[in-house]
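Below you'll find the structure, written out as structure tokens, and then a few comments.
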């Protein structure tokens, strides 16, 4: 079982470019999440989806958008990347639509915006 | 404002030297407190969930405890393979999302 697959593993992006980070899970979990991890700040929630067809904003949603067309996929889009979006991005899922409980994480995408 | 802090920021132990990591939290009502382990270049991996003060959970050399304001992750006779960053997270009763602390980086030296 793969769990959560994120792509790409790493990316260098010019400021102003559009970028989509991909996330796919094979556990049939209802809830999915996008976090960014920055040194000293911990993991911060960007967007979440409690079930297919619904999404919500987390702590730091500005500059990001998500969609949840089906249960398995939860892409994160940066419409016009800025250097402050340089970070490690983690996708996660949980078998609950009423809270995170046990989160399963992907291996992350290291994004550098220059 | 809900907040999670962890101390120390970094901890270096000799193999076999037991110690504890601290997680302090401020929430209006605790739904659950979580501990995760994160290895370099990987996503966090779930360790424990604690729900109420006085609760304890154990896994191999790790034991997590919970009080009304903090949680401890006790590491007994650590081995080099216990080296990782340990993350604490809390979920408030009226808020579905989880708040993570900044983590404690643990290094166990042979």
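Protein chains in written order, with my numbering: chain A, 1 to 114; chain B, 1001 to 1110. A virtual CB, placed ideally from N, CA and C, is assigned to each residue, including glycine. If you're wondering where the values come from, they're calculated on a predicted model, not measured in any experiment.
Proximity below 9 Å, CB of residue 19 of chain A to CB of residue 78 of chain A | For the purposes of this step, residue 19 of chain A is identified with residue 19 of the first chain, where counting begins at 1. For the purposes of this step, residue 78 of chain A is identified with residue 78 of the first chain, where counting begins at 1. For residue 19 of chain A and residue 78 of chain A, yes; Cβs fall inside 9 Å.
In the segment 1034 to 1050 of chain B, which residues sit with their C-beta less than 9 Å from some C-beta in chain A, listed in chain order?
-> Interface annotation for the segment 1034 to 1050 of chain B against chain A: 1034, 1036, 1038, 1041, 1042, 1043, 1044, 1045, 1046, 1049, criterion Cβ-Cβ distance under 9 Å.
Inter-residue spacing [alpha-carbon to alpha-carbon] between residue 58 of chain A and residue 1043 of chain B = In the first chain, counting from the first residue as 1, residue 58 of chain A sits at position 58. In the second chain, counting from the first residue as 1, residue 1043 of chain B sits at position 43. Take the alpha-carbon of residue 58 of chain A and the one of residue 1043 of chain B: they are about 19 Å apart.
Find the residues of chain A that neighbour residue 1072 of chain B, judging by a C-beta separation of less than 8 Å, and give them in chain order.
-> One-based indexing of the second chain puts residue 1072 of chain B at position 72. Residues of chain A passing the Cβ test: none, with the nearest at roughly 18 Å.
Check each residue of the segment 68 to 94 of chain A: if its Cβ is closer than 8 Å to any Cβ of chain B, include it; give the result in chain order.
-> Residues 90, 92.
Could you name the residues of chain B that residue 107 of chain A contacts, counting a contact when the two beta carbons are closer than 9 Å?
-> As a working note, residue 107 of chain A is residue 107 in the first chain. Within 9 Å Cβ-Cβ: 1041, 1042, 1043.
Among A/13, A/30, A/37, nearest to residue 73 of chain A - alpha-carbon criterion = In the first chain, counting from the first residue as 1, residue 73 of chain A sits at position 73. Closest by alpha carbon: A/30.
For residue 100 of chain A, decide whether its Cβ has a neighbour in chain B, counting only Cβ atoms nearer than 9 Å.
-> The sequence position of residue 100 of chain A within the first chain is 100, counting from 1. Its pLDDT being 49, under 50, residue 100 of chain A is placed unreliably in this model, and the value from its coordinates should be taken loosely. Closer than 9 Å to some Cβ of chain B, the Cβ of residue 100 of chain A qualifies, so yes.
How many Å lie between residue 1006 of chain B and residue 1061 of chain B at the Cα?
-> If you number the second chain from 1, residue 1006 of chain B lands on position 6. If you number the second chain from 1, residue 1061 of chain B lands on position 61. Cα-Cα distance, rounded: 20 Å.
Distance CB(residue 1029 of chain B)-CB(residue 1050 of chain B) smaller than 9 Å | If you number the second chain from 1, residue 1029 of chain B lands on position 29. If you number the second chain from 1, residue 1050 of chain B lands on position 50. Their beta carbons are not under 9 Å apart, which means residue 1029 of chain B does not touch residue 1050 of chain B by this criterion.
Beta carbon proximity, residue 13 of chain A to chain B, threshold 9 Å = Numbered from 1 along the first chain, position 13 holds the residue referred to as residue 13 of chain A. With 9 Å as the cut-off, residue 13 of chain A does not count as an interface residue toward chain B.
Closer than 9 Å, CB to CB, is residue 1097 of chain B near chain A or not?
-> As a working note, residue 1097 of chain B is residue 97 in the second chain. Taking Cβ atoms only, chain A reaches closer than 9 Å to residue 1097 of chain B, which makes this a yes.
Check whether the Cβ atoms of residue 49 of chain A and residue 56 of chain A lie closer than 9 Å to each other.
-> The residue you call residue 49 of chain A lines up with position 49 of the first chain. The residue you call residue 56 of chain A lines up with position 56 of the first chain. Taking 9 Å as the Cβ cut-off, residue 49 of chain A and residue 56 of chain A qualify as a contacting pair.
Could you tell me which chain B residues have their CB closer than 8 Å to the CB of residue 45 of chain A, listed as they occur along the chain?
-> As a first step, residue 45 of chain A is located in the first chain; it is residue number 45 there, counting from the start. The contact set of residue 45 of chain A on chain B, defined by CB atoms closer than 8 Å, consists of 1097, 1098 in chain order.
Just how far apart, CA to CA, sit residue 63 of chain A and residue 81 of chain A?
-> Position 63 of the first chain, counted from the first residue, corresponds to residue 63 of chain A. Position 81 of the first chain, counted from the first residue, corresponds to residue 81 of chain A. Their backbone Cα atoms lie some 8 Å apart in a straight line.
Residue 24 of chain A versus residue 6 of chain A: straight-line alpha-carbon distance, rounded = Within the first chain, the letter at position 24 stands for residue 24 of chain A. Within the first chain, the letter at position 6 stands for residue 6 of chain A. Inter-residue distance for residue 24 of chain A and residue 6 of chain A is about 7 Å (C-alpha atoms, whole angstroms).
Are any of the Cβ atoms in chain A nearer than 9 Å to that of residue 1008 of chain B?
-> In the second chain, the residue the question calls residue 1008 of chain B occupies position 8. Answer no: the Cβ-Cβ gap between residue 1008 of chain B and chain A never drops below 9 Å.
Local conformation of residue 1017 of chain B per DSSP, three classes = The residue labelled residue 1017 of chain B in the question sits at position 17 within the second chain. Residue state, collapsed to three classes: coil.
Please confirm if the segment 1065 to 1085 of chain B is in contact with the segment 1007 to 1022 of chain B, defined as three or more CB-CB distances below 8 Å between the two stretches.
-> Counting Cβ pairs under 8 Å, three or more are found: they touch.
Is any beta-carbon of chain B found at less than 9 Å from that of residue 16 of chain A?
-> In the first chain, counting from the first residue as 1, residue 16 of chain A sits at position 16. Chain B, which has no Cβ nearer than 9 Å to the Cβ of residue 16 of chain A, makes this no.
Just checking my contact of residue 983 of chain B with residue 1064 of chain B at CB under 8 Å: how many whole Å lie between their CB atoms?
-> Only positions 1001 to 1110 of chain B appear in the structure, and residue 983 of chain B is not among them; the question remains open.
Which same chain residues, not among the five before or five after residue 68 of chain A, have their C-beta less than 8 Å away from its C-beta?
-> Counting from one through the first chain, the residue named residue 68 of chain A turns up at place 68. Here the set comprises 32, 49, 51, 52, 53, 54, 55, 74.
DSSP-derived helix/strand/coil call for residue 73 of chain A | Indexing the first chain from 1 puts residue 73 of chain A at position 73. The answer is strand: DSSP assigns residue 73 of chain A an E or B state.
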